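Its first residue numbered 816, the sequence shown is counted upward by one per residue in my numbering. Here is the structure we will look at.
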Amino acid sequence: MSILVVYATKSGASEQCARLLSEQLPHCTICDIGSEKPTIDEFDSIIVGAGVRDGKIYKPLRDFIKKNHSELLNKKMGYFICNEKPRKTEEILDENIPNDLKKAAVCMESFGGYKAYAAPKENEDPLKRIFVDKIRTFAEKFMI
Numbered sequence: 816m817s818i819l820v821v822y823a824t825k826s827g828a829s830e831q832c833a834r835l836l837s838e839q840l841p842h843c844t845i846c847d848i849g850s851e852k853p854t855i856d857e858f859d860s861i862i863v864g865a866g867v868r869d870g871k872i873y874k875p876l877r878d879f880i881k882k883n884h885s886e887l888l889n890k891k892m893g894y895f896i897c898n899e900k901p902r903k904t905e906e907i908l909d910e911n912i913p914n915d916l917k918k919a920a921v922c923m924e925s926f927g928g929y930k931a932y933a934a935p936k937e938n939e940d941p942l943k944r945i946f947v948d949k950i951r952t953f954a955e956k957f958m959i
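Structure, rendered in structure tokens:
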């Protein structure tokens, strides 16, 4: 099973999470949608990960989901968001992921995050405010 983790990031949290997640999954490729355009038909499974601003996932991933909607329904899917307010995860996912895609998803989760101005500095832990245990659990659930 080949897996694509496609993400969009501004402050780096989504990239950190995509990298950690890819280390937990076999045959996994990661793709920053801001600099690459993946060919999704090469993959059996796709995980979409995005940062959130003002309740919306980043536009490159909203566009990716809209453009590939019908193809995504034929894949094993998972979604993660990086948001500083995990209590709003369900609300954010409801507003950003179409219902049919949510229903078809194997798992959806918030991995934590931070506002851009609070991103870890060069000498700080890059995983500050990232829930590494949730990434591990997501990977385990996705592989079942």
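Glycine included, each C-beta is placed from N, C-alpha and C at the ideal position. All values reported here derive from a predicted model rather than from experimental measurement.
Quiz item: For residue 799 versus residue 896, is the C-beta spacing smaller than 7 Å?
Solution: Absent from the model: residue 799. The displayed extent of the chain is 816 to 959, so no value can be given.
Quiz item: Helix, strand or coil: which one does DSSP assign to residue 865?
Solution: Annotated three-state conformation of residue 865 is strand, per DSSP.
Exercise. Report back the beta-carbon spacing between residue 860 and residue 900 to the nearest angstrom; my notes put them in contact at under 8 Å.
Key: Contact between residue 860 and residue 900 does not hold, since their C-beta atoms are separated by about 28 Å, which reaches or exceeds 8 Å.
Quiz item: Which term fits residue 923, buried or exposed, when burial requires 16 or more other beta carbons within 10 angstroms of its beta carbon?
Solution: So residue 923 ends up on the buried side.
Quiz item: Which of the three DSSP states, helix, strand or coil, is assigned to residue 851?
Solution: Three-state DSSP puts residue 851 in coil, outside helix and strand.
Exercise. Identify whether residue 912 lies in helix, strand or coil by the three-state DSSP scheme.
Key: The answer is coil: DSSP assigns residue 912 none of H, G, I, E or B.
Exercise. Give the secondary structure of residue 844 by DSSP, where H, G and I count as helix, E and B as strand, and everything else as coil.
Key: The DSSP-derived three-state label of residue 844 is strand.
Self-check item: DSSP three-state assignment for residue 957, whether helix, strand or coil
Solution: Per DSSP, reduced to three states, the secondary structure at residue 957 is helical.
Exercise. Taking 7 Å as the cut-off, decide whether the C-beta atoms of residue 843 and residue 853 are in contact.
Key: Not closer than 7 Å, so no.
Exercise. Please go through the same chain and pick out, in chain order, the residues whose beta-carbon is closer than 6 Å to the beta-carbon of residue 904, but skip the five residues on each side of it.
Key: Scanning its chain for C-beta atoms nearer than 6 Å, with the 5 sequence neighbours on each side dropped, one finds around residue 904 the residues 925, in chain order.
Quiz item: What residues match up with residue 820 in a beta bridge as DSSP calls it?
Solution: The partner list for residue 820 (beta bridge, DSSP) reads 845, 862.
Quiz prompt | residue 878 versus residue 957 - alpha carbon distance | solution = The straight-line gap from Cα to Cα measures roughly 24 Å.
Practice problem: Give the straight-line distance between the Cα atoms of residue 869 and residue 850, rounded to the nearest whole angstrom. | Solution: Residue 850 has its alpha-carbon roughly 23 Å from the corresponding atom of residue 869.
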